[in-house]
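*Asks:* Sequence order for the protein chains is A and B. Under our numbering, the residues of the first sequence are numbered 1 to 248, in order. Under our numbering, the residues of the second sequence are numbered 1 to 248, in order. This is the structure, below, for whatever I ask next.
2 protein chains.
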Amino acid sequence: MSQQRHGSTPGEPDGVPAFPDLPEATIARLPEYLRALHHLAETGAETVSSEGLAAAAGVNSAKLRKDLSHLGSYGTRGVGYDVALLVAQIGSILGLDKNRAVCLVGVGNLGHALAGYAGFASRGFRVVALFDADAKKVGEVINGLVVQHIDDLQRVAVEESIAIGVIATPPGTAQPVADALVAAGVTSILNFAPGVLSVPANVDVRKVDLAIELQILSFHEHRKASLTALPGGRSAPAENSDQEVVGS
Amino acid sequence: MSQQRHGSTPGEPDGVPAFPDLPEATIARLPEYLRALHHLAETGAETVSSEGLAAAAGVNSAKLRKDLSHLGSYGTRGVGYDVALLVAQIGSILGLDKNRAVCLVGVGNLGHALAGYAGFASRGFRVVALFDADAKKVGEVINGLVVQHIDDLQRVAVEESIAIGVIATPPGTAQPVADALVAAGVTSILNFAPGVLSVPANVDVRKVDLAIELQILSFHEHRKASLTALPGGRSAPAENSDQEVVGS
DNA sequence: CGCGATTTGTGCACGCCTTCACAAGCGCCT
DNA sequence: AGGCGCTTGTGAAGGCGTGCACAAATCGCG
């Protein structure tokens, strides 16, 4: 601290700088903090200690304090953090106050579910368009949105100024869809299709592969099975304590 | 190398030890390697170089070699890796040859899609049971499986020896469901509900939060927007090259 | 007004992971 | 048989992230 850090950066109209050098690991945890803070706010809490918020978010309290210190000094020593202030700050840093428009490509099994997922709207995202390559799906209404043909992607993306695209197509068509999204000006992609996408350097891609998650669990299952096979009896597990989350 | 490393560990009936000390980061990448290898095998490739496989999996070739070296010496210098052998080895290490039984709790929007997700069955997992607390959902048939009431979880889990459970319920019921899974003997949980689960130390939990992924993308979108606002004109992006995946 | 209790913010050390660079090994060609 | 090119496997260095432990700061109370 000793630095105020509250002023705005030149070129940034609103009061919060963009934090270009925030550690990636911290960024990945901010949404979790935000969720925990919202939950605390609903219970009427005015302030939280780092210990309390850390427990609610499932992390170490030292890590939480270090993460928040990167955003500036928003706590009061001896008291804790102001819940409402922190909610506003983190939301602003994540750019959630922009109410970002998102489009979804591929309304198959998974895409259908994503189109109706309530968790998106409740956290600052608006799904504004659905696309599919299958003519039989075009025209279908899902959650109040009409499925459009993928050929209309470019036009709609520009009209609605969509910057984030979600790919929920079969693996084979993921790459051409990504190319189309990039051509339409999308600069962030969330990909649910297995496989590696090739995109320009200025486009960010995050991948979610449901089968990979299960395979990682399977490995640990395999490991646990071979451990309990030999050593000095460990049938009854330790008492219920805190969470053990594997991997990242 | 210089060590053979191919023999089995005492207590491990089959030929592949459980690799208790495999780095977590390596484990998380093995499924991606496996997918790339399957793809290569379909195209008829007999062997792959680390460079080629790394490209197909979207990672650095040095990282790939170090990862594979942890599994033993399965490559031939001057030639590359035997695709079929590597597929078998990684599959075995991940425990995918066990054809693991998985149960899914919560057949709402997302759970419905997961129940029909083809990617599970094609990669060594069998969804053998669906549960829900809503009496109106019980009895419904999804993808050939009948939705059962959550109260039957314990009985069914034991009958089918289910070790992996997937939670796709609303946030509020995730913790009781996790408790029920643990009580039924499940030792690995894949959680799609936002929030922190508390489980015994011997149970592994992996979390997938779709909204968090979008929020991370939103941050980078925010950052990019404030960067292009000021500096020496960067409107046209760099040429299409390799992927830039943000975060982990 | 001063003091003690409490909690933040951070310097520091440790460990994990990544990346480079190269020696060791293998196959092929002559 | 020998040499040459190619590729693996790995030692070492650097960077990042985590967690401890403590100084600095704030509040409340006597």
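C-beta atoms are modelled at their ideal positions from N, C-alpha and C, and glycine is treated no differently.
Roughly how many angstroms lie between the CA atoms of His6(B) and Ala45(B), to the nearest whole one?
*Replies:* Taking the first residue of the second sequence as position 1, residue 6(B) is located at position 6. Taking the first residue of the second sequence as position 1, residue 45(B) is located at position 45. Annotation note: pLDDT 42 at His6(B) (below 50); position unreliable, coordinate value reported separately. Answer to the nearest angstrom: the Cα atoms are 24 Å apart.
*Asks:* Rank Asp67(A), Ile142(A), Val205(A) and Pro194(A) by C-alpha distance to the C-alpha of Asp132(A) and give the top, closest one.
*Replies:* Start at 1 with the first residue of the first sequence, and residue 132(A) comes out as number 132. Nearest of Asp67(A), Ile142(A), Val205(A) and Pro194(A) to Asp132(A), Cα basis: Ile142(A).
*Asks:* Quickly, what does DSSP pair Phe125(B) with across the bridge? List them, please.
*Replies:* Taking the second sequence and counting its residues from 1, one reaches residue 125(B) at position 125. Phe125(B) is bridged to Arg100(B).
*Asks:* Quick one: grab the DSSP three-state call for Ile212(B).
*Replies:* The count along the second sequence starts at 1 and reaches residue 212(B) at position 212. Correct three-state label for Ile212(B): helix.
*Asks:* Identify, in the order they occur along the chain, each residue of the same chain with its Cβ nearer than 7 Å to the Cβ of Val48(B), setting aside the five sequence neighbours on each side.
*Replies:* Taking the second sequence and counting its residues from 1, the one referred to as residue 48(B) is at position 48. Within the same chain, Val48(B) has close Cβ partners Leu40, Gly80, Tyr81 and Val83.
*Asks:* Taking Cβ positions only, does Arg126(B) come closer than 8 Å to chain A?
*Replies:* As a first step, residue 126(B) must be located in the second sequence, where it is residue number 126. No, Arg126(B) does not count as interfacial toward chain A.
*Asks:* Beta carbon of Ala211(A), beta carbon of Arg123(B): below 8 Å?
*Replies:* As a position in the first sequence, residue 211(A) is number 211, starting the count at 1. As a position in the second sequence, residue 123(B) is number 123, starting the count at 1. Yes.
*Asks:* Of all the beta strand (DSSP E) runs that stay within the bounds of the region 163-220 of chain A, which reach a length of 3 or more residues?
*Replies:* Entirely contained in the region 163-220 of chain A, the beta strand (DSSP E) runs reaching 3 residues are, in chain order, 164-167, 188-191 and 204-207.
*Asks:* On the three-state DSSP scale, how would you describe Gly139(B)?
*Replies:* As a working mapping, residue 139(B) is identified with position 139 in the second sequence. Of the three classes helix, strand and coil, the one that applies to Gly139(B) here is coil, per DSSP.
*Asks:* Counting contacts by CB-CB distance shorter than 8 Å, is Pro194(A) in contact with chain B?
*Replies:* Along the first sequence, one-based indexing puts residue 194(A) at 194. Output row for Pro194(A): interface = yes.
*Asks:* Asn60(A) CB to nearest chain B CB: under 8 Å?
*Replies:* In the first sequence, the residue the question calls residue 60(A) occupies position 60. No - not a single Cβ of chain B is within 8 Å of the one on Asn60(A).
*Asks:* At a Cβ threshold of 8 Å, is His70(A) touching chain B?
*Replies:* One-based indexing of the first sequence puts residue 70(A) at position 70. Not an interface residue.
*Asks:* Secondary structure at Leu130(B), three-state DSSP: helix, strand or coil?
*Replies:* Numbered from 1 along the second sequence, position 130 holds the residue referred to as residue 130(B). Three-state DSSP puts Leu130(B) in a strand.
*Asks:* Starting from the Cα of Gln89(B), find the closest Cα among Leu68(B), Thr76(B), Asn109(B) and Arg77(B) and give me that residue.
*Replies:* Position 89 of the second sequence, counting from 1, holds the residue named residue 89(B). With distances taken between Cα atoms, Gln89(B) lies closest to Leu68(B).
*Asks:* Can you tell me where the alpha helix (DSSP H) holding Tyr33(A) begins and where it ends?
*Replies:* What you label residue 33(A) is simply residue 33 of the first sequence in a count that begins at 1. Looking at the DSSP string, the run of the alpha helix (DSSP H) that includes Tyr33(A) is Glu24 to Glu42.
*Asks:* Rounded to whole angstroms, how far is the Cβ of Asn109(B) from the Cβ of Gly116(A), which I believe are closer than 8 Å?
*Replies:* Locating residue 109(B) in the second sequence gives position 109, counting from the first residue. Locating residue 116(A) in the first sequence gives position 116, counting from the first residue. That belief holds up - the Cβ atoms of Asn109(B) and Gly116(A) are roughly 5 Å apart, short of 8 Å.
*Asks:* Would you kindly check if the distance between the Cβ of Ala180(A) and the Cβ of Leu153(A) is under 8 Å?
*Replies:* The sequence position of residue 153(A) within the first sequence is 153, counting from 1. The sequence position of residue 180(A) within the first sequence is 180, counting from 1. Contact: yes.
*Asks:* Can you tell me which of the three DSSP states Thr47(B) falls into?
*Replies:* In the second sequence, the residue the question calls residue 47(B) occupies position 47. Three-state DSSP puts Thr47(B) in a strand.
*Asks:* Helix, strand or coil for Leu85(A) per DSSP?
*Replies:* In the first sequence, counting from the first residue as 1, residue 85(A) sits at position 85. Looking at Leu85(A) - three-state DSSP - the assignment turns out to be helix.
*Asks:* Using a Cβ-Cβ distance under 8 Å, would Gly185(B) count as near chain A?
*Replies:* Numbered from 1 along the second sequence, position 185 holds the residue referred to as residue 185(B). Gly185(B) does not count as touching chain A.
*Asks:* Shortest alpha-carbon distance to Gly165(B) belongs to which of Lys137(B), Glu140(B) and Phe125(B)?
*Replies:* Taking the first residue of the second sequence as 1, we reach residue 165(B) at position 165. Comparing Cα-Cα distances from Gly165(B) to each of Lys137(B), Glu140(B) and Phe125(B), the minimum goes to Phe125(B).
*Asks:* Could you name the residues of chain A that Leu46(B) contacts, counting a contact when the two beta carbons are closer than 8 Å?
*Replies:* In the second sequence, the residue the question calls residue 46(B) occupies position 46. Note on residue identity: the sequence assigns Glu, not Leu, to residue 46(B). Result: empty, since nearest Cβ-Cβ is about 22 Å, beyond 8 Å.
*Asks:* Residues of chain B with a CB under 8 Å from the CB of Val208(A): which are they?
*Replies:* By 1-based counting over the first sequence, the position of residue 208(A) is 208. The contacting residues are Val208, Leu210 and Glu213.
*Asks:* Between the beta-carbon of Gln148(A) and the beta-carbon of Val158(A), is there less than 8 Å?
*Replies:* Within the first sequence, the letter at position 148 stands for residue 148(A). Within the first sequence, the letter at position 158 stands for residue 158(A). No. Outside cutoff.
*Asks:* With 8 Å as the threshold, decide whether the Cβ of Pro31(A) is near any Cβ in chain B.
*Replies:* Locating residue 31(A) in the first sequence gives position 31, where the first residue counts as 1. Chain B, which has a Cβ nearer than 8 Å to the Cβ of Pro31(A), makes this yes.
*Asks:* Which class does Leu110(B) belong to by DSSP, given the choice of helix, strand or coil?
*Replies:* One-based indexing of the second sequence puts residue 110(B) at position 110. Helix, per DSSP.
*Asks:* Just verifying my parser: in three-state terms, what is the DSSP assignment at Leu227(B)?
*Replies:* On the second sequence, residue 227(B) is found 227 positions in, with the first residue counted as 1. Leu227(B) falls in the helix class under three-state DSSP.
*Asks:* Would Leu64(B) and Tyr74(B) be called neighbours here (beta carbons separated by less than 8 Å)?
*Replies:* Along the second sequence, one-based indexing puts residue 64(B) at 64. Along the second sequence, one-based indexing puts residue 74(B) at 74. Cβ atoms of Leu64(B) and Tyr74(B): not closer than 8 Å.
*Asks:* Does DSSP put His149(A) in a helix, in a strand, or in coil?
*Replies:* Residue numbering aside, residue 149(A) sits at position 149 when the first sequence is read from its first letter. If DSSP states are grouped into helix, strand and coil, His149(A) belongs with the strands.
*Asks:* Of the choices Val208(A), Val186(A), Gly195(A) and Ile27(A), whose alpha-carbon is the least far from that of Ala56(B)?
*Replies:* Translated into positions along the second sequence, residue 56(B) becomes position 56. Residue Gly195(A) is the option with its Cα nearest to Ala56(B).
*Asks:* Just to make sure I have the definition right: I need the residues of chain A whose C-beta is within less than 7 Å of the C-beta of Asn109(B). Which are they?
*Replies:* Stepping through the second sequence from its first residue, residue 109(B) is reached at position 109. By Cβ distance, chain A contributes Ala113, Gly116 and Tyr117.
*Asks:* Do the CB positions of Val208(B) and Val182(B) come within less than 8 Å of each other?
*Replies:* The count along the second sequence starts at 1 and reaches residue 208(B) at position 208. The count along the second sequence starts at 1 and reaches residue 182(B) at position 182. Not a contact, by the Cβ cut-off of 8 Å.
*Asks:* How far does the alpha helix (DSSP H) with Asp67(B) in it reach, from first residue to last?
*Replies:* Along the second sequence, read from residue 1 onward, the residue named residue 67(B) stands at position 67. Element bounds for Asp67(B): Ser61 to Ser69.
*Asks:* Smallest Cα separation from Ala174(B): which of Ala193(B), Ile162(B) and Ile189(B)?
*Replies:* In the second sequence, counting from the first residue as 1, residue 174(B) sits at position 174. Closest by alpha carbon: Ala193(B).
*Asks:* Please decide whether Leu64(B) counts as near chain A, where near means a Cβ-Cβ distance under 8 Å.
*Replies:* Locating residue 64(B) in the second sequence gives position 64, where the first residue counts as 1. Output row for Leu64(B): interface = no.
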